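Some notes on the structure that comes next.
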Amino acid sequence: MTENTQIAVDVRDAIKRYGDFTALHRISLGIRDNEFFTLLGPSGCGKTTLLRMIAGFEDVTEGAIFLYGEEIEDLPPHQRPVNTVFQNYALFPHMSVLENVSFGLEMRGASKADARTRAGEMLELVQLTQFASRKPSQLSGGQQQRVALARALAPSPKVLLLDEPLSALDLKLRKAMQIELKHIQRETGITFIFVTHDQEEALTMSDRIAVMSAGEMQQLGDPRDIYETPRNMFVADFIGDTNLLDVSVEGIAAGRATCKLSGGHRLTCDAVDGVNAGAKVHLSVRPERLFLSDQPTAAESLQGTVVENIFIGTDISTIVDVPGGQHFTVRTSNSDRGNKRILDPGTTAYVNMEPGAARLLVD
Amino acid sequence: MSAKTDVKNYTGFRTLTFVCLFILYAPLVVVTIYSFNASPSITVWEGFSLRWYGDVFTGPESGKFKAAAINSFSIALIAATLATIIATSAATAIVRGGIFKTRTLSLGLISLPLMVPEIVLAVATLIFFNAVGFTRGYMTILVAHIAFCIPFAYLPIQARMQGIEDTYEQAAMDLYATKAQAFRRVLLPLMMPGIISGFLLAFIVSLDDFIITNFVKGAGVETLPTAIFGSVKQGLKPNIMAISTMLLALSIVMVTLSYVVSKTDNTK
Ligand SMILES: Nc1ncnc2c1ncn2[C@@H]1O[C@H](COP(=O)(O)OP(=O)(O)O)[C@@H](O)[C@H]1O
Ligand SMILES: [Mg+2]
């Protein structure tokens with residue numbers, strides 16, 4: 006195994022039950038050394054539970070967890086070389102910022118002086134040196150967040166766990182922290198396992214993403230994979246905006262499936278194993294991979310009527326009704342307006358698809 | 002609530018409140034004032050004097066009071082300390098561990114003695130000591146005080162503890178602290194206001210106790226309340242008012258301190 010593909014955290018067939026309720030259904034997951042890994046999913050899907058199992062705060066009902074080859078699921082939290090940035094930060098309120106950051110080092114046996122020196126360096130890393138003697142309650146939310154980060158990084162854990170660390174911050178600060186976190190991950194070379202329910206945040210920051218829903222892993226891949234080739238309806242719908250169309254497969258030839266929309270129009274897309282003629286399936290098409298024209302540009306161009314243009318900053322989103330009671334959302338970049346057409350509501354428009362834009366999905 | 006229906010606007014309630022406060026505080030005020038009376042009479046005012054305070058420390062009964070005070074304070078100190086330690090351990094175990102049902106049950110069991118008539122507790126304690134064959138004396142008073150001080154120490158401690166989220170201990174253990182280290186370095190300092198408040202309350206409750214003490218004390222061993230009672234039986238003298246006023250002042254200070262400490266927020 007090369008350095009790059011070494012597995013940092015290996016979750017094997019992990020099941021978590023609370024009484025009759027199964028919070029995690031047999032999760033298997035390999036998180037690579039030195040990667041920024043994100044657990045993404047809606048609230049209640051089991052992200053925190055999985056993170057707490059890695060940290061040692063929840064038992065594993067069935068299965069095993071390995072940390073760099075060592076089996077850890079039975080070790081108490083203080084014997085696991087992983088640290089956590091808690092969702093509510095959990096800074097010790099009776100200790101100063103510096104004492105908070107040196108706590109882990111002291112518990113690991115460092116002398117007070119050494120711990121303080123190293124803590125000072127960590128505060129420098131997160132640019133809070135001048136706040137060292139303050140109490141956590143005297144800091145803003147963003148500053149507390151950075152103290153929590155410095156405290157968790159100070160003992161140089163093998164893996165850093167972050168449970169929605171940015172969710173309490175306002176948008177501007179959150180964007181800034183996303184960049185800072187990513188930067189710190191690169192600089193320290195520590196494996197990050199980051200939890201979020203914000204798909205945009207996950208796409209921006211991660212090397213790889215595991216999409217979860219209702220205690221099950223839906224898809225594992227890098228951000229491009231997840232966005233461009235979602236494996237199922239849930240992933241396509243959860244990540245980004247998409248047009249989901251109910252279609253029936255008419256025939257399959259040479260790896261291409263011909264699909265019929267409810268309005269009778271036909272589209273072709275790459276076939277998928279196990280989907281045969283006659284199957285009722287879905288097509289997912291990202292709005293930015295559609296464009297409008299006032300004349301058909303290809304045999305597959307769909308005729309419809311513009312309903313509305315919505316201005317959303319960098320883009321314009323156009324809603325087009327097509328026969329059969331379906332509608333498309335088409336995104337046109339504002340900078341592209343010279344090349345692509347923006348049509349007024351009520352006018353006839355043709356919806357065109359970039360090659361390979363339509364993706365066939367089974368439920 | 003509209004001004005019309007505000008209970009404060011019914012003159013009857015206001016009067017009733019004043020009557021209650023008067024009945025409650027008038028005797029205390031009278032005792033306090035007459036403790037500074039120059040006259041040996043307890044009803045005729047003859048001018049201001051500290052004579053009876055001097056009498057408590059140097060008068061004919063001073064030896065008796067001194068011995069009683071030593072007993073009272075040493076018992077209060079030991080009983081409050083042990084009760085606080087027990088209450089702290091109990092609060093830690095009950096609030097942190099265990100399922101909800103046992104938690105409610107334990108809280109109920111620990112605070113039940115606060116609602117049982119003290120005379121019943123006194124009789125029960127006496128029967129218990131007789132059954133196990135303890136000779137009545139200093140030790141029986143001490144053991145009884147430790148026992149009945151526990152709920153008083155427990156309540157402020159557990160109230161404090163419930164306000165401390167368990168993520169702090171988890172954060173400590175995540176940062177390589179053992180359970181014991183997490184308790185000592187994180188949980189205990191955060192609980193401290195509750196612990197001090199519980200100690201002060203237990204101390205004053207022990208110092209002021211009469212009924213249970215009177216039942217379980219042996220002949221010749223007195224605490225301040227039993228000594229005062231004994232003295233009163235021989236006739237009410239102003240030195241009793243002086244010593245009562247001193248006890249009252251101490252109680253007020255301790256209870257106030259206990260309240261203030263329990264309200265301090267050491268998380269700021
Ligand atoms: N201690 C617990 N007892 C029972 N159910 C729990 C417990 N902790 C979490 N759950 C349940 O497990 C599911 C996953 O929770 P969680 O991991 O916190 O979700 P997420 O972090 O993705 O929002 C939720 O349905 C939650 O109600
Ligand atoms: Mg969560």
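Which chain is which? The protein sequence lines are Y and Z, in order.
So for the first sequence, our numbering puts the first residue at 6; every next one is plus one.
So for the second sequence, our numbering puts the first residue at 2; every next one is plus one.
Glycine included, C-beta positions come from ideal geometry on N, C-alpha and C.
This one's a predicted model, so the numbers in the text were calculated from it and none came from an experiment.
Would you check whether ligand 2 has a heavy atom nearer than 7 Å to the C-beta of Y:Lys21? no
Closer than 8 Å, Cβ to any Cβ of chain Z: which residues of the segment 105-121 of chain Y, in chain order? Phe108, Gly109, Met112, Arg113
Beta carbon of Z:Ser263 nearer than 8 Å to that of Z:Ser198: yes
Can you tell me whether Y:Ala215 is helix, strand or coil according to DSSP? Judged by DSSP in its simplified three-state form, Y:Ala215 adopts strand.
I'd like to check one pair, Y:Pro81 with Y:Gly61: are the Cβ atoms closer than 8 Å? yes
Give the range of the alpha helix (DSSP H) segment to which Z:Cys90 is assigned. Rather than Cys, the amino acid found at residue 90 of chain Z in this sequence is Ser. Element bounds for Z:Ser90: 63-92.
Span separating the alpha-carbon of Z:Leu22 from that of Z:Arg15: Per the coordinates, the alpha-carbon of Z:Leu22 lies some 11 Å from the alpha-carbon of Z:Arg15.
Mind pulling the chain Y residues with CB within less than 9 Å of Z:Leu191? Phe97, Pro98, His99
With DSSP run on the structure shown, which of helix, strand or coil describes Z:Gly231? helix
Proximity test, Y:Glu169 beta-carbon vs ligand 2 heavy atom, cut-off 7 Å: Yes.
Spatial neighbours of Y:Arg364 within its chain, please: C-beta separation below 6 Å, excluding the five flanking residues on both sides. Taken in chain order, the residues that qualify are Ser289.
Y:Thr196 CB to nearest chain Z CB: under 8 Å? no
Label Y:Gly309 either buried or exposed according to how many other C-beta atoms from any shown protein chain fall within 10 Å of its C-beta, with 16 as the threshold for buried. By the 10 Å Cβ count, Y:Gly309 comes out buried.
Option in Y:Leu34, Y:Ser172, Y:Leu154 with minimal Cα separation from Y:Leu166: Y:Leu154
Would you mind reading off the limits of the alpha helix (DSSP H) that contains Z:Ala123? That run of the alpha helix (DSSP H) goes 119-133.
Helix, strand or coil at Y:Gly194 according to DSSP, with G and I counted as helix: coil
With a CB to CB cut of under 6 Å and the five nearest residues on each side skipped, what residues in its chain are close to Y:Lys21? Ala28, Leu29, Thr54, Thr66
Would you list, in sequence order, the uninterrupted beta strand (DSSP E) runs of no fewer than 3 residues that lie entirely inside the segment 243-286 of chain Y? 248-258, 261-266, 271-275
Between Z:Lys65 and Z:Ile142, is the Cβ-Cβ spacing less than 8 Å? no
Cutoff 8 Å: Z:Leu176 Cβ touching any chain Y Cβ: yes
Measure the C-alpha to C-alpha separation of Z:Met162 and Z:Phe49 and round it to an integer number of angstroms. The straight-line gap from Cα to Cα measures roughly 48 Å.
Any heavy atom of ligand 1 closer than 7 Å to the CB of Y:Ser48? yes
What's the call for Z:Met255, buried or exposed, on a 16-neighbour Cβ count within 10 Å? buried
Give me the residue from Z:Leu113, Z:Ile34, Z:Trp46, Z:Ile165 with the minimum Cα distance to Z:Asp266. Z:Ile165
Among Z:Thr93, Z:Leu127, Z:Val30, nearest to Z:Glu170 - alpha-carbon criterion: Z:Thr93
Would you call the CB atoms of Y:Leu56 and Y:Leu72 closer than 8 Å? Contact: no.
Y:Glu63, DSSP secondary structure in three states: coil
Take every Cβ of the segment 256-273 of chain Y, pair it with every Cβ of the segment 318-335 of chain Y, and state whether three or more of those distances are shorter than 8 Å. Contact between the segment 256-273 of chain Y and the segment 318-335 of chain Y is present, because at least three Cβ pairs lie under 8 Å.
Take every Cβ of the segment 112-123 of chain Z, pair it with every Cβ of the segment 182-197 of chain Z, and state whether three or more of those distances are shorter than 8 Å. Contact between the segment 112-123 of chain Z and the segment 182-197 of chain Z is absent, because fewer than three Cβ pairs lie under 8 Å.
Less than 8 Å between CB atoms is the rule here; does Y:Asn93 satisfy it with respect to chain Z? yes
Out of curiosity, what's the CA-to-CA distance linking Z:Thr1 and Z:Ser36? This structure does not reach residue 1 of chain Z, given that chain Z is present from 2 up to 269, and the question cannot be answered.
Along the alpha helix (DSSP H) that carries Z:Lys264, what are the first and last residues, could you check? 239-264
Within 10 angstroms of the Cβ of Y:Val106, are there 16 or more other Cβ atoms? Answer buried if so, exposed if not. With 16 or more other CB atoms across the displayed protein chains lying within 10 angstroms of its CB, Y:Val106 is buried.
Y:Thr53 beta carbon near ligand 2 (any heavy atom closer than 7 Å): yes
Output, in chain order, the set of chain Y residues within a Cβ distance shorter than 8 Å of Z:Ala181. Within 8 Å Cβ-Cβ: nothing; Z:Ala181 doesn't reach chain Y, min ~10 Å.
Contact test: Y:Phe62 Cβ vs ligand 1 heavy atom, cutoff 7 Å: Outside the cutoff, so no.
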